[in-house]
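*Asks:* Sharing a structure below in structure tokens format, with a few things to ask.
Numbering (the working numbering), first residue to last: 89 to 228.
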């Protein structure tokens with residue numbers, strides 16, 4: 089790929105479907121269920137379009153569009169600038185842009201959203217910051 093290309097980038101994240109839950113050991117002998125789905129960790133920065141189908145946790149930075157039929161979690165260290173379309177969205181970090189959720193949107197304590205929300209179900213914690221409008225109506 090040309091380093092100075094003007095072509096918009098697109099990231100496609102596939103998450104394999106597991107037939108049975110995986111188990112991780114946490115070092116003290118106890119086992120915990122492994123997280124399924126994809127992860128964009130802290131320190132990762134993406135400009136462009138992010139597409140995924142199952143689950144994704146973003147704890148880094150995204151500037152662009154996030155488009156999904158799955159479940160998106162915006163981690164507490166995440167910074168998103170752009171439009172989000174997903175089945176379910178949980179926000180713990182910072183979002184500047186509109187959110188369109190086909191099932192549910194949740195703004196958790198400590199998050200900041202500057203944008204509008206459209207979802208059939210909306211949960212807003214009293215410690216969340218929300219500057220925008222919300223359209224909460226069942227799908228027709």
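Glycine residues also receive a C-beta, built at the ideal position from the N, C-alpha and C atoms.
(1) Give the range of the beta strand (DSSP E) segment to which residue 155 is assigned.
(2) Beta carbon of residue 172, beta carbon of residue 149: below 9 Å?
(3) At the level of alpha carbons, what is the spacing between residue 196 and residue 185?
(4) Taking buried to mean at least 16 other C-beta atoms within 10 Å of its own C-beta, is residue 126 buried or exposed?
(5) Rounded to whole angstroms, what's the CA-CA distance from residue 158 to residue 194? Just pull it up for me.
(6) Is residue 207 near residue 182, with beta carbons less than 9 Å apart?
(7) Exposed or buried, which one is residue 152 when buried takes at least 16 other CB atoms within 10 Å?
(8) Nearest to residue 164 by CA position, among 178, 218, 205, 156, is which residue?
*Replies:* Per the coordinate set shown:
(1) The count along the chain shown starts at 1 and reaches residue 155 at position 67. From DSSP, the beta strand (DSSP E) with residue 155 extends over 149-156.
(2) Taking the chain shown and counting its residues from 1, one reaches residue 172 at position 84. Taking the chain shown and counting its residues from 1, one reaches residue 149 at position 61. Contact flag unset, no.
(3) Stepping through the chain shown from its first residue, residue 196 is reached at position 108. Stepping through the chain shown from its first residue, residue 185 is reached at position 97. In a straight line, the C-alpha of residue 196 is about 17 Å away from that of residue 185.
(4) Counted from its first residue, the chain shown places residue 126 at position 38. With at least 16 other beta carbons inside 10 angstroms of its own, residue 126 counts as buried.
(5) Along the chain shown, one-based indexing puts residue 158 at 70. Along the chain shown, one-based indexing puts residue 194 at 106. Distance between the alpha carbons of residue 158 and residue 194 is about 14 Å.
(6) Taking the first residue of the chain shown as 1, we reach residue 207 at position 119. Taking the first residue of the chain shown as 1, we reach residue 182 at position 94. In this structure, residue 182 does not lie closer than 9 Å to residue 207 by Cβ.
(7) Taking the chain shown and counting its residues from 1, the one referred to as residue 152 is at position 64. Counting Cβ neighbours within 10 Å, residue 152 comes out buried, since at least 16 surround it.
(8) Looking up residue 164 in the chain shown gives position 76. With distances taken between Cα atoms, residue 164 lies closest to 178.
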